[in-house]
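Student: First the structure, then my questions, so here it is.
Structure below.
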C-alpha cells in the first residue's frame, strides 16, 4: 500500500513537472514574441531617429547657406555705404567750395554795383563760372 501511495505521489510529481515544463515553454514562447516585437519597434524608432537627424542636418545646412548669403549681402551693403559716405564727403566738399565761390562772386558783384565807375562785364562772369566748374 505504501508503494502504491509513493508511486501515486511520484506520478503526481511527474505530471506537475510536465505541466511546469509546458508552462515554462509557453512563457518562453511568449517572451520570444515580446522580444521580437520589441526589436521590431526598436528598429522602427531607430529609422525614425535617423530620418529626423537627416532632416535636421538638411535644415541646418540650409540655415548655414542662408546665413552666408545674408552675411555677403551685409558686407556688400556696408561696402556700398562706405562708398556712398565717401561720395557724400566729396560732394559736401564740392558744395562748400561752390558756396565760397558764389559768396566771392556775390561780393564782387556787390562791389561792382557799389562802385559807379566799374562794371562787371559778361567775360568776368564767364571766367568765374569756368573756374567754379573746374573745381569738380
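Numbering (the numbering used here), first residue to last: 8 to 143. Every residue gets a Cβ at the ideal spot worked out from N, C-alpha and C, and that includes glycine. Computed from a predicted model, the values in this text were never measured in an experiment.
With respect to the alpha helix (DSSP H) encompassing residue 122, which residues constitute its N-terminal and C-terminal limits?
Tutor: Your numbering for residue 122 matches position 115 in the chain shown. Element bounds for residue 122: n/a, residue is neither H nor E.
Student: Would you report the Cα separation of residue 103 and residue 94, rounded to the nearest angstrom?
Tutor: Start at 1 with the first residue of the chain shown, and residue 103 comes out as number 96. Start at 1 with the first residue of the chain shown, and residue 94 comes out as number 87. Each residue's alpha carbon lies about 14 Å from the other.
Student: Counting only runs of 3+ residues fully inside the segment 76-101, write out the beta strand (DSSP E) ranges in chain order.
Tutor: If we require 3 residues or more, the segment 76-101 turns out to have no beta strand (DSSP E) run fully inside it.
Student: Have a look at residue 11 and residue 20 and give me their C-alpha separation to the nearest angstrom.
Tutor: Walking along the chain shown from the start, residue 11 turns up at place 4. Walking along the chain shown from the start, residue 20 turns up at place 13. Straight-line Cα distance between these residues: approximately 14 Å.
Student: By how many angstroms is the C-alpha of residue 83 removed from the C-alpha of residue 3?
Tutor: Absent from the structure is residue 3, since the part of the chain shown begins at 8 and ends at 143.
Student: What three-state label does DSSP hand residue 50 in the structure shown?
Tutor: Locating residue 50 in the chain shown gives position 43, where the first residue counts as 1. Helix, per DSSP.
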